[in-house]
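Novice: Residue numbers (my numbering): 2 to 339.
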């Protein structure tokens with residue numbers, strides 16, 4: 002199939018980063034953004050109410066990971082100049098463990114991590130990123146909502162995991178370029194992201210992002226992601242999200258839709274109930290799967306270690322299936338931010 006990425010005109014995207022949980026405006030995969038209907042009183046209470054106590058094992062582990070990462074960053078940054086790291090240097094990232102069970106696919110566990118480093122001496126060159134994730138989803142820049150672990154899919158996830166690293170540069174707040182490699186240094190890819198956010202009122206937000214990507218073994222492609230949020234109250238919100246990807250690898254347009262209600266509680270707790278639908282054009286079965294997913298997320302240690310519990314019921318169908326199947330699924334995720 003010829004590259005058709007120009008079918009998606011570059012007309013905008015939401016300027017928020019991928020979601021870490023059910024309440025995120027997740028359209029990117031670089032950082033977590035707060036939900037539209039955030040209970041700010043609960044967030045501030047959690048921060049103010051954190052007791053000052055003797056550092057535990059988890060705190061020591063987090064501090065150690067951050068110290069090692071920052072030490073490497075300081076060394077690399079020092080190669081390019083004499084500006085102190087404290088003047089603009091920043092290290093942020095997350096470590097995540099997923100445990101999934103699905104009736105039609107079995108059990109699976111998975112490990113993901115990602116780190117972003119801003120270096121003051123190489124600011125003109127952008128930032129550095131490294132991580133490990135599903136290589137297909139990373140390159141095509143899938144929103145978090147439509148990634149396999151969010152939809153409680155387990156099949157072939159471990160085989161698709163790979164290490165990736167690269168550099169990014171924000172030309173403007175709405176335009177960003179990234180280039181890197183996955184697996185080996187001979188397997189390279191590049192992305193150009195355009196993003197736009199419209200606030201129609203204090204309660205209504207619409208966002209759009211388009212990513213044009215290229216990879217050495219599959220040529221060009223494009224992913225268009227949309228989302229609309231409506232806040233009914235400071236704690237309740239409705240969210241619609243949609244994504245479409247086309248490339249040399251797809252038969253047609255690979256698409257997904259999500260409709261959900263989100264609830265924020267005090268102390269950074271969240272719940273969500275979503276309807277998920279996905280499929281691909283130019284196939285005998287246009288709708289590959291639809292289903293329901295319920296999620297609960299809350300901190301389990303301070304305000305930087307979270308657990309997310311999910312349960313879902315899905316109706317998948319492949320091209321060679323005579324009728325649609327039924328499948329229960331459950332998942333548990335533990336994520337630590339540093």
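Here a beta-carbon is modelled for each residue, glycine too, at the ideal position from N, C-alpha and C.
From a predicted model like this one, the values you see are computed outputs, not experimental measurements.
(1) How long is the line joining the alpha carbons of residue 145 and residue 255, rounded to whole angstroms?
(2) Which first and last residues belong to the alpha helix (DSSP H) in which residue 224 is found?
(3) Classify residue 117 as helix, strand or coil using the three-state DSSP reduction.
(4) Report yes or no: do three or more beta-carbon pairs, one from the segment 181–192 and one from the segment 217–225, lie closer than 8 Å?
(5) At which residue ranges does the segment 284–335 contain complete beta strand (DSSP E) runs of 3 or more residues, listed in the order of the chain?
(6) Thinking residue 278 and residue 257 are a contact (beta carbons under 8 Å), I'd like their distance in whole angstroms, please.
(7) Which ranges does the alpha helix (DSSP H) cover as unbroken runs of at least 4 residues, wholly within the segment 156–201, from first to last along the chain?
(8) Buried or exposed, going by whether 16 or more other CB atoms sit within 10 Å of the CB of residue 273?
(9) My assumption, with CB atoms under 8 Å, is that residue 96 sits in contact with residue 114. Please give the rounded CB distance.
(10) Could you give the DSSP three-state label for residue 338: helix, strand or coil?
(11) Since residue 92 and residue 118 are thought to touch, with beta carbons under 8 Å apart, how far apart are those beta carbons, to the nearest angstrom?
(12) For residue 30 and residue 226, what's the separation of their Cα atoms in angstroms?
(13) Comparing alpha-carbon positions, which option in 134, 178 and 235 lies nearest residue 203?
(14) Could you spell out where the beta strand (DSSP E) holding residue 66 opens and where it closes?
(15) Pull up the distance between the alpha-carbon of residue 338 and that of residue 304, whole angstroms please.
(16) For residue 106 and residue 240, what's the separation of their Cα atoms in angstroms?
(17) Rounding to the nearest angstrom, what Cα-Cα distance links residue 213 and residue 69 in this structure?
(18) Looking at C-alpha atoms only, which residue of 67, 123 and 315 is the closest neighbour of residue 94?
(19) Cutting at 6 Å between CB atoms, please list the residues of its own chain near residue 260, excluding the five before and the five after it.
(20) Could you pull out every residue in the same chain whose Cβ sits closer than 6 Å to the Cβ of residue 291, ignoring the five residues on either side in sequence?
(21) Assuming residue 246 is part of the alpha helix (DSSP H), what are its boundary residues?
(22) Helix, strand or coil for residue 204 per DSSP?
(23) Excluding sequence positions up to five away, which residues of its chain have a Cβ less than 6 Å from the Cβ of residue 282?
(24) On the three-state DSSP scale, how would you describe residue 122?
(25) From residue 224 to residue 75, what does the alpha carbon distance come to, in whole angstroms?
(26) Out of 167, 173 and 171, which has the shortest C-alpha to C-alpha gap to residue 180?
(27) Would you mind listing the beta strand (DSSP E) stretches within the segment 255–287 that are 3+ residues and don't spill past its ends, in chain order?
(28) Starting from residue 143, trace the alpha helix (DSSP H) in both directions and tell me its first and last residue.
(29) Could you pull the start and end residues of the beta strand (DSSP E) that residue 99 belongs to?
(30) Sorted by chain position, which residues of the same chain lie with C-beta nearer than 7 Å to residue 320's C-beta, five sequence neighbours on each side aside?
Specialist: Once the coordinates are examined:
(1) Taking the chain shown and counting its residues from 1, the one referred to as residue 145 is at position 144. Taking the chain shown and counting its residues from 1, the one referred to as residue 255 is at position 254. Approximately 15 Å, taken between the alpha carbons.
(2) The sequence position of residue 224 within the chain shown is 223, counting from 1. That residue, residue 224, is in no alpha helix (DSSP H); its beta strand (DSSP E) goes 220–232.
(3) If you number the chain shown from 1, residue 117 lands on position 116. In the three-state DSSP reduction, residue 117 falls in the strand class (E or B).
(4) yes
(5) 288–302 and 306–317
(6) The count along the chain shown starts at 1 and reaches residue 278 at position 277. The count along the chain shown starts at 1 and reaches residue 257 at position 256. Indeed, because the Cβ distance is near 7 Å, the residues count as touching under 8 Å.
(7) 158–161
(8) In the chain shown, residue 273 corresponds to position 272, counting from 1. Flag for residue 273 reads buried.
(9) Sequence index remark: in the chain shown, residue 96 carries index 95 (1-based). Sequence index remark: in the chain shown, residue 114 carries index 113 (1-based). 5 Å between Cβ atoms; contact.
(10) Counted from its first residue, the chain shown places residue 338 at position 337. Note: residue 338 maps to strand in three-state DSSP.
(11) Numbered from 1 along the chain shown, position 91 holds the residue referred to as residue 92. Numbered from 1 along the chain shown, position 117 holds the residue referred to as residue 118. Rounded, the Cβ-Cβ distance is 5 Å, consistent with contact.
(12) Taking the first residue of the chain shown as position 1, residue 30 is located at position 29. Taking the first residue of the chain shown as position 1, residue 226 is located at position 225. Low confidence applies to residue 30: its pLDDT is 36, below 50, so where it sits in the model is not reliable enough to give any reading.
(13) For the purposes of this step, residue 203 is taken as residue 202 along the chain shown, with counting starting at 1. Minimum Cα distance to residue 203 is reached at 235.
(14) Here residue 66 corresponds to residue number 65 of the chain shown, with the count starting at 1. No beta strand (DSSP E) contains residue 66, which is instead part of the alpha helix (DSSP H) from 58–79.
(15) Walking along the chain shown from the start, residue 338 turns up at place 337. Walking along the chain shown from the start, residue 304 turns up at place 303. Each residue's Cα considered, the two are about 9 Å apart.
(16) As a first step, residue 106 is located in the chain shown; it is residue number 105 there, counting from the start. As a first step, residue 240 is located in the chain shown; it is residue number 239 there, counting from the start. If you take the alpha carbons of residue 106 and residue 240, they lie about 29 Å apart.
(17) Counted from its first residue, the chain shown places residue 213 at position 212. Counted from its first residue, the chain shown places residue 69 at position 68. Taking the straight line from one Cα to the other gives about 34 Å.
(18) As a working mapping, residue 94 is identified with position 93 in the chain shown. Cα-wise, what sits closest to residue 94 is 67.
(19) Position 259 of the chain shown holds residue 260. Within the same chain, residue 260 has close Cβ partners 241 and 276.
(20) As a first step, residue 291 is located in the chain shown; it is residue number 290 there, counting from the start. Here the set comprises 278 and 316.
(21) As a working note, residue 246 is residue 245 in the chain shown. That residue, residue 246, is in no alpha helix (DSSP H); its beta strand (DSSP E) goes 237–248.
(22) Counted from its first residue, the chain shown places residue 204 at position 203. Residue 204: coil per DSSP, three-state reduction.
(23) For the purposes of this step, residue 282 is identified with residue 281 of the chain shown, where counting begins at 1. The answer, listed in chain order, is 253 and 254.
(24) For the purposes of this step, residue 122 is identified with residue 121 of the chain shown, where counting begins at 1. Residue state, collapsed to three classes: helix.
(25) On the chain shown, position 223 is the one that residue 224 refers to. On the chain shown, position 74 is the one that residue 75 refers to. Their backbone Cα atoms lie some 35 Å apart in a straight line.
(26) Stepping through the chain shown from its first residue, residue 180 is reached at position 179. Answer by Cα proximity: 167.
(27) 255–266 and 270–281
(28) In the chain shown, the residue the question calls residue 143 occupies position 142. Careful: residue 143 lies outside any alpha helix (DSSP H) and carries neither H nor E.
(29) Residue 99 sits at position 98 when you count from the first residue of the chain shown. Residue 99 -> beta strand (DSSP E) spans 91–103.
(30) In the chain shown, the residue the question calls residue 320 occupies position 319. Around residue 320: 284, 285 and 286.
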